[in-house]
Amino acid sequence: MGFDSLIGGTIWDQYSQKVTDLMNNPQNMGEITQEQADEMGATLIVADFGAESCGDAVRLYWAVHPKSDVIMHSKFKSFGCGTAIASSDTMAELCKGKTVDEAVKITNIDVEMAMRDDPDTPAVPPQKMHCSVMAYDVIKKAAAQYKGVDMESFESEVIVCECARVSLSTLKEVIRLNDLTTIEQIADYTKAGAFCKSCIRPGGHEAKDIYLVDLLAEYEKEKMAATADSSAGGGAVDFAQMTIFQKLKAVDKVIDDNIRQMLIMDGGDMEIIDIKENGAHFDIYIRYLGACSGCASSSTGTLYAIENILQQKLDENIRVLPI
Amino acid sequence: MKVYLDNNATTIVDPQVKAVMDPFFVEKYGNPNSLHAYAGETHPHLKTAMEKIYAGLHAPKEDLVVITSCATESNNWVLKSIYFEYILTGRKNHIIVSEVEHPSVMATAKFIESMGCRVTYLPINHEGLIEAQSVRDNITSKTALVSIMWANNETGAIFPVEEIGQICEDNRVLFHTDAVQAIGKLPVDVQSFPVDYLTFSAHKFHGPKGVGGLYIKKGRELMPLLHGGSQMGGYRSGTLNVAGIVGMGKAMEQAIDSLDYEMEDVKEMRDAFEDELLKIKDTFVVTPRENRTPNTTLISFRGIEGESMLWDMNRAGIGASTGSACASEDLEANSVMEAIGADDDLAHTAIRFSLSRYTTQEEMDYTLDVVKKAVKRLRAISSSYAYAPEGHESGLSAH
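Quick mapping for you: the protein sequence lines, in order, are chains A and B.
For the first sequence, the positions run 186 to 508 when the numbering used here is used.
For the second sequence, the positions run 5 to 403 when the numbering used here is used.
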């Protein structure tokens, strides 16, 4: 934000030299045919991910040694922008010589790191990070094909932000631990939502099952529910922290549950007039109604009973003042 | 070789335009609204420029042509003032725009929609064109405004503004057209058909950036968006951009003078270029030439993502454009290609070449050569044409 937000930059200027070079001359671009795989005595795996209609598509070719599971050769073809092509190329390179089990551990973050010129400068600008995710996904697809299992079996967690690979459980935990309320805070704490931004809310580059705004809304709802519970006598929220409205409701609830019945039986009732903070004390002004208003114990026994129960249930600094 | 083929985004300032602007920075820098000779010496130049701008639009003197800071301001002005005068007051509750308007109309329409105005977004057909009938079908007694661009910036598609203007007049609905892509490419005459508001911008026809305009028919005056010192007849306050207005006047004059060249010679160059490109297999242009501005080609090469095509163009010194998802900073797909919706696989493959009267045949020959090489290289990388073993099931392409 601020100065940097005013004049847009050219995204290509933020590409590392490696990304630029790979886009200009991809090293592992090409195909492995069935005949070539047969000659190598390898199992041919051809895995597709993405779709041209979505703007990104990649086909990954592996020649896998059937005994050792080692990826002997790896090639790619890709429909996409420079980042997509350079990432696919790097991904194909990283697969070489690894076993299939080792290869599934390669993430888009590994791919991005491998394309950096120096370790501290990102290889691509944040909004391009999503173009590398496809490279990660296609490895899972290839491995799933090779092992004859479902692609999802490699992913133990639900990933909300694929660019930064932040899981649902991590996000939920960090939001609650730090009481996060904004998208910017989530990005600061976890980097989720800081890249292509499609995980923030619907309408971005890719449709998601769950968005960051959903997680914030969910947490907000939880907090509301907790407040509502406590003002209803649940006690989770401190009486002193409540809003005046919540205090009134909480006091009313305690009186309803514990006192009013007793008063009504004697032909009386009471109402809450106001609640005021008076130094360390909460002064609750009440008015007796019906039979109570003339009753002698209304300023002694009954009053102490009311005060006692409110102190017990809500806050020891409560004082009850009849008027 | 460097070749600029992004003239729908902005144009080179004509050296003659720059020359007439020059004296108003250091020599004649007076504020036209002051009471001294410094002000006075700007007046004849401003008057001449305004006369040229009026002449360029065929605007009668009784109408207004208000100079603004850009087309975005002009478009915002029309929609927001209509909102204030008609929607907020409850007299009307509806406006109509096309689904492929420039962001300055689209985002403003969305904004007033969020303020409670009903907005109809008219679809384009498979050729990227608007059918005038669809305007008639959507007008209600509560429609305040129809805003449809004259020519689309992405495809060059020309929309039937004459017919739409007539429909609006018949139904007593105000009609605004964003003519930014029309000036200098098509004959523009505000008296030849019913139009109440017309937006234009100098930098699209070899004038300076930061100068736009809004034609307003007599009797259709808008409340100002910018309040202040009552410049421009009180319709648009702010110290006059003297150099900019003088430059726009000259640029408008030249645009009219070069209209024939643009419509014949530039078109011929564009057509020949497009003919050659269409010889490459799996190459598509959606909007027919007779419905297109003479300088624009939006072309799709199957299997080549638009940004990667731009990359190869840029490496060869050619500036072109794409609205595809990867290229734009906000990652939205090309709205026009999505709206056309003919072939999903092509939604991210469109690349736009937009020529100008400065474009030379030599440049187009060079560009053609570069495009052919790029198509070859990028299709070799592309998964769209990649080998797959027998029985391989692919979800990459719809084909």
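No residue lacks a Cβ here, since even glycine has one placed at the ideal position from N, Cα and C.
*Can the beta-carbon of L397/A be found closer than 8 Å to that of A377/A?*
Contact: yes.
_Can you check whether the C-beta of D233/A is within less than 8 Å of a C-beta belonging to chain B?_
Yes - at least one Cβ of chain B is within 8 Å of the one on D233/A.
*Closest by CA to D200/B, which one among H231/B, I168/B, P212/B, N11/B?*
When only C-alpha atoms are compared, the closest one is I168/B.
*Between the segment 384 to 397 of chain B and the segment 210 to 230 of chain A, are three or more C-beta pairs nearer than 8 Å?*
When Cβ pairs closer than 8 Å are counted between the two stretches, the segment 384 to 397 of chain B is seen to touch the segment 210 to 230 of chain A, the count reaching three or more.
_Quick check on Y331/A: buried or exposed, where buried means 16 or more other Cβ atoms within 10 Å of its Cβ?_
Answer is buried; the Cβ neighbour count reaches 16.
*asked:* Which residue wins for smallest C-alpha separation from M110/B, given the options S358/B, V340/B, L350/B?
replied: Among S358/B, V340/B, L350/B, the Cα nearest to that of M110/B belongs to V340/B.
*Beta-carbon separation of S312/B and L382/B under 8 Å?*
In this structure, the beta-carbon distance from S312/B to L382/B falls below 8 Å.
*Comparing alpha-carbon positions, which option in G395/B, F209/B, G223/B lies nearest S358/B?*
Out of G395/B, F209/B, G223/B, F209/B has the C-alpha closest to the C-alpha of S358/B.
*Give the residues from the segment 7 to 19 of chain B that approach chain A closer than 9 Å (Cβ to any Cβ), ordered along the chain.*
So the list is empty, because no residue satisfies the distance condition.
*Could you tell me the distance, in whole angstroms, from the CA atom of L488/A to the CA atom of R361/A?*
Linking L488/A to R361/A through their CA atoms gives a straight-line distance of about 41 Å.
*Which residues in the same chain as A13/B place their Cβ atom closer than 7 Å to its Cβ, once the five residues preceding and following it in sequence are excluded?*
Cβ neighbours of A13/B within its own chain (closer than 7 Å, five residues either side excluded): S325.
*When DSSP labels each residue in this structure, what does I385/B get in the three-state scheme?*
The answer is helix: DSSP assigns I385/B an H, G or I state.
*Is S386/B near S259/A, with beta carbons less than 8 Å apart?*
Contact: no.
*Got a sec? Which residues, its chain only, sit under 7 Å from S332/B by beta carbon, not counting five neighbours each side?*
Note that S332/B scores 49 on pLDDT, short of 50, meaning its location in the model is unreliable and no value can be drawn from it.
*Does the distance from the CB of I270/A to the CB of M208/A come in under 8 Å?*
Cβ atoms of I270/A and M208/A: closer than 8 Å.
_Threshold first: 4 residues or longer. Then list the alpha helix (DSSP H) segments lying entirely within the segment 343 to 373 of chain A, N to C._
Segments of the alpha helix (DSSP H) lying fully in the segment 343 to 373 of chain A: 353 to 362.
_Between the segment 177 to 188 of chain B and the segment 146 to 155 of chain B, can you find at least three pairs of beta-carbon atoms closer than 8 Å?_
Contact holds: three or more Cβ-Cβ distances are below 8 Å.
*Should V243/A go down as buried or exposed, given a rule of 16 or more other Cβ atoms within 10 Å for buried?*
Result: buried.
*asked:* When you compare the CB of H406/B with every CB in chain A, is at least one pair closer than 8 Å?
replied: Because chain B is modelled from 5 through 403, residue 406/B falls outside the range shown and cannot be assessed.
*Just reading off the alpha helix (DSSP H) that D509/A is part of, what are its end residues?*
Outside the modelled stretch of chain A, which goes from 186 to 508, sits residue 509/A, for which no answer is possible.
_Residue environment, Q258/B, which counts as buried when at least 16 other CB atoms sit within 10 Å_ = With 16 or more other Cβ atoms within 10 Å, it is buried.
*Own chain partners of K222/B with C-beta closer than 7 Å, once the 5 adjacent residues on each side are dropped*: So the qualifying residues of the chain are E66, D67.
*Environment of R274/B [buried if 16+ CB atoms lie within 10 Å]*: Buried, because 16 or more other Cβ atoms sit within 10 Å of the Cβ of R274/B.
_Neighbour list for A324/B in chain A, Cβ cutoff strictly below 9 Å_ = In chain order: nothing, as chain A lies at least about 14 Å away.
*Mind checking which residues open and close the alpha helix (DSSP H) that includes F261/A?*
Segment 256 to 264 is the beta strand (DSSP E) holding F261/A; no alpha helix (DSSP H) there.
_Amino acids of chain A, ordered along the chain, whose beta-carbon sits closer than 7 Å to that of H49/B_ = Ordered by position in chain A, no residue passes the 7 Å Cβ test against H49/B, which lies about 32 Å from the chain.
*Step through the CB atoms of chain E and report whether any lies within less than 8 Å of the CB of M208/A.*
Among the protein chains in the structure shown, which are A and B, there is no chain E.
*Go to M455/A, then tell me how far its beta strand (DSSP E) extends in each direction, as first and last residue.*
DSSP places M455/A in the uninterrupted beta strand (DSSP E) bounded by 453 to 463.
_Residue nearest to G132/B in terms of C-alpha spacing, selected from G395/B, I116/B, I57/B, P292/B_ = Looking at the Cα atoms, P292/B is the closest of the given residues.
*In DSSP terms, what L202/B is bridged to*: Residue pairing by DSSP puts L202/B in a beta bridge opposite T181/B, Y219/B.
*Smallest Cα separation from Y470/A: which of S482/A, C480/A, I457/A?*
When C-alpha distances from Y470/A are compared across S482/A, C480/A, I457/A, the shortest belongs to I457/A.
*Does E237/A come within less than 8 Å of chain B when only Cβ atoms are used?*
E237/A counts as touching chain B.
*Segment limits, beta strand (DSSP E) that includes S358/B*: According to the DSSP assignment, S358/B belongs to the beta strand (DSSP E) that extends over 354 to 358.
*Any idea if K313/A is buried or exposed, counting beta-carbon neighbours within 10 angstroms, 16 or more meaning buried?*
The residue in question, K313/A, is buried, as its Cβ has 16 or more Cβ neighbours within 10 Å.
*What does a CB cutoff of less than 7 Å around H466/A pick up in its chain, not counting 5 residues either side in sequence?*
Excluding its 5 nearest sequence neighbours in each direction, H466/A has C-beta neighbours in its own chain below 7 Å: N502, R504, listed in chain order.
*Can you find a C-beta in chain A that's less than 8 Å from the C-beta of L400/B?*
Chain A contact via Cβ: present.
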